[in-house]
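2 protein chains.
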Amino acid sequence: MDMHSPDCTHEDGAHPGLGGADLRHALVDAEHRCSDIQERLTAPRRRVLELLLEADGPLKAYDLIAAFGEDGEPAKPPTVYRALEFLERLGFAHRIESLNAYVPCRMDRTGHAAAFLICDCCGAAEEFEPDFAPGRAAAEAKGYAVKSVTLEARGLCPACQAG
Amino acid sequence: MDMHSPDCTHEDGAHPGLGGADLRHALVDAEHRCSDIQERLTAPRRRVLELLLEADGPLKAYDLIAAFGEDGEPAKPPTVYRALEFLERLGFAHRIESLNAYVPCRMDRTGHAAAFLICDCCGAAEEFEPDFAPGRAAAEAKGYAVKSVTLEARGLCPACQAG
DNA sequence: AACATACCTGTTATGAAATAACATAACGGG
DNA sequence: CCCGTTATGTTATTTCATAACAGGTATGTT
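Encoded structure:
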C-alpha cells in the first residue's frame, strides 16, 4: 500500500514538523478548541496529536504506537486508534486512505472535506481545499445525501519531478 | 472499516449483479479488450472479474478468496490480490479505499478517475464520472504532476434516507 | 522440435492494520 | 456522595496484504 519508492532521497518538503514554541502553541490552541465545545483533549489524545504535528509527513498507526511512550515504551493499539478516532472526529487529523496513514489537519476552519496531493516518490502529502461543487451536483442528481468526502490525488511533487 | 449498519435491511439497489447472458457478454467483452492490447485474461483473473460482476455490491478481498473455487475451495490470498491488481491496472475494477473493497468498473471508457457515492447504511457504492477540473487546477498551482485521483463520498442513498 | 525468456501461477509463511470484548478508572451533574 | 457517562487499560483476535521462491505456460526464434 505504501506506493512511494523506498530509495527516494528527496526532501519530504511539504510540511516540516513543528517543534518548540510552534508545537506548544498548536497544542494549546487544540486544548482551547476542545474546551470550547466541551470535549477533552486527554493525555493519550494530546500525545498522538503531538506526534502527528512533530512529524514531517504522514504517520502510520503503528509508527504512532511505537513512538507513543516518551520512554520508548510502545502504546497498545487501541490507545492510538481511539485517539485517532477522536482527532478525526474533531477535525484535528485526517486519515489518508490510500496510505493507511494519518496527518494533522493543516486547514484553519473545521468540518471541511479532506483533499490531498500525495507524492508517490517522497511520500509527502499536502492538504488542499477542494472545490466539490461538481461532485455535490452529481451526488444530488442521484439523490444521495453526502456526509463526508475525501479526495486523494497521487502523483509527483515538484521536487521529485525535478530530481 | 465497514461503516454501514449491519442491521440495514434496505435493498442494495445501485448495481444488481450480472447473470446469465449479461455476465457472459461482459466477460467476452473483457476478453476482447484484453487481446486488443496484448494482455491475457487468464483463468484466475477471469474468475475474480466474474465474481465482482455477479455481486450486488463491493466485495472484500477475502470474500473473493472464499468464493473463488467453484467447488467451495477458497483461493490462496496472492491469487486474488494478483488478479485484482491486474483488473485495476486495466480499468476493469476499482478498489474503494474507505471500504477495503472492490467493485467492477461501471464506466465505458477506460483510464478515467474513480469516484464513488457510498451509502453508509446499505453499503451500496455507485460509480460516477467526476469533474476534476477544480482539483487539477489546485494540483497545478502547487506544481504537482497528478497521475491518478480517487474520490469517495460517504452518505446515504435515496432508499436509506427514506427508510 | 528444442530452446530461451518473459510472464503468470501455486504455495508457504509472515507481516501489517484494525478491532472485539471486557475490566477499571476518571469526570461531572444531581 | 452517588450514579451515569465517558475514557482508558489490557488481552486476544481478526482482517487485510505481501514477501519469497518454486514451478508452469504461452510465445517467438532458430
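Top line first, the protein sequences correspond to chains X and A.
The numbers in this note's numbering rise by one with no breaks, and the one at position 17 of the first sequence is 17.
The number in this note's numbering is simply the position in the second sequence, starting from 1, with 1000 added.
The beta carbon of each residue, even a glycine, is placed where N, CA and C say it ideally should be.
Bear in mind the structure is a predicted one, so any value in this text is a computation, not a measurement.
Chain A within 9 angstroms of residue i, Cβ atoms only
i: Glu97/X; result: yes
i: Lys147/X; result: yes
i: Ala138/X; result: yes
i: Ala66/X; result: no
i: Leu151/X; result: yes
i: Gly155/X; result: yes
i: Phe128/X; result: yes
i: Pro58/X; result: no
i: Asp63/X; result: no
i: Pro16/X; result: no
i: Asp120/X; result: yes
Terminal residues of the alpha helix (DSSP H) in which residue i lies
i: Phe1086/A; result: 1077-1089
i: Glu73/X; result: Glu73/X -> no alpha helix (DSSP H), and no H or E assigned at all.
i: Pro1134/A; result: 1133-1141
i: Ala1066/A; result: 1061-1067
i: Ala1179/A; result: Since the first residue of chain A shown is 1001 and the last is 1163, residue 1179/A is not available in this structure.
i: Pro16/X; result: Per DSSP, Pro16/X belongs to no alpha helix (DSSP H) and is neither H nor E.
i: Ala1101/A; result: It is not in any alpha helix (DSSP H) - Ala1101/A instead sits in the beta strand (DSSP E) that spans 1101-1104.
i: Arg1046/A; result: 1043-1054
Host beta strand (DSSP E) of residue i (start-end)
i: Ala153/X; result: 145-156
i: His94/X; result: 93-96
i: Cys119/X; result: 114-119
i: Glu127/X; result: 125-127
Cβ-based neighbour list, residue i, same chain, cut-off 6 angstroms, excluding 5 preceding and 5 following
i: Cys1160/A; result: His1010, Cys1119, Cys1121, Cys1122
i: Arg1154/A; result: Ile1118, Asp1120
i: Thr1079/A; result: Pro1044
i: Ser98/X; result: Glu152
i: Thr1110/A; result: Gly1091
i: Ser148/X; result: none
i: Met3/X; result: With a pLDDT of only 43 at Met3/X, under the threshold of 50, the placement of this residue in the model should not be trusted, and no figure is reported.
Residues near residue i by beta carbon distance below 7 angstroms, same chain, minus five either side
i: Arg1045/A; result: Ala1083, Phe1086, Leu1087
i: Glu1039/A; result: Leu1090
i: Ala139/X; result: Val146
i: Glu1130/A; result: The sequence given here has Pro at residue 1130/A, not Glu. Excluding positions up to five away in sequence, the list reads Ala1113, Ala1115, Leu1151.
i: Gly19/X; result: Glu54
i: Pro1074/A; result: Ile1065, Ala1066, Phe1068
i: Phe128/X; result: Ala115, Leu117
Residue-level contact to chain X via CB, residue i, 9 angstroms cutoff
i: Leu1117/A; result: yes
i: Asp1002/A; result: With a pLDDT of 43 at Asp1002/A, under the threshold of 50, the predicted position of this residue should be treated as unreliable, and no value is reported.
i: Pro1134/A; result: yes
i: Arg1106/A; result: no
i: Lys1142/A; result: yes
i: Gln1161/A; result: yes
i: Pro1158/A; result: yes
i: Asp1131/A; result: yes
Close Cβ partners of residue i (< 8 angstroms) along its chain, the five nearest in sequence each way excluded
i: Leu156/X; result: Cys119, Asp120, Cys121
i: Tyr1081/A; result: Ala1061
i: Lys1076/A; result: Ile1065
i: Ala1030/A; result: Leu1041, Arg1046, Leu1049, Phe1092
Supposed close pair residue i, residue j - CB separation, criterion 8 angstroms
i: Ala1058/A; j: Ala1125/A; result: According to the sequence displayed, residue 1058/A carries Pro and not Ala. Indeed, because the Cβ distance is near 5 angstroms, the residues count as touching under 8 angstroms.
i: Leu1041/A; j: Cys1034/A; result: 4 angstroms
i: Val1103/A; j: Leu1023/A; result: Not confirmed; about 15 angstroms, so no contact.
i: Pro158/X; j: Gly1135/A; result: Not really, about 17 angstroms apart at Cβ, beyond 8 angstroms.
Near the ligand FAD: residue i beta-carbon under 8 angstroms from a heavy atom
i: Gly72/X; result: With respect to the ligand FAD, the structure offers nothing, as it holds no ligand at all.
Worksheet item: Just checking, does the region 1061-1068 of chain A make contact with the region 137-153 of chain X on the three C-beta pairs under 8 angstroms criterion?
Response: At 8 angstroms Cβ cutoff, the stretches do not touch.
Item to complete: Decide yes or no for the touch test of the region 1047-1056 of chain A against the region 1092-1107 of chain A: beta carbon pairs closer than 8 angstroms, at least 3 of them.
Response: Because the criterion of three Cβ pairs below 8 angstroms is met, the region 1047-1056 of chain A and the region 1092-1107 of chain A touch.
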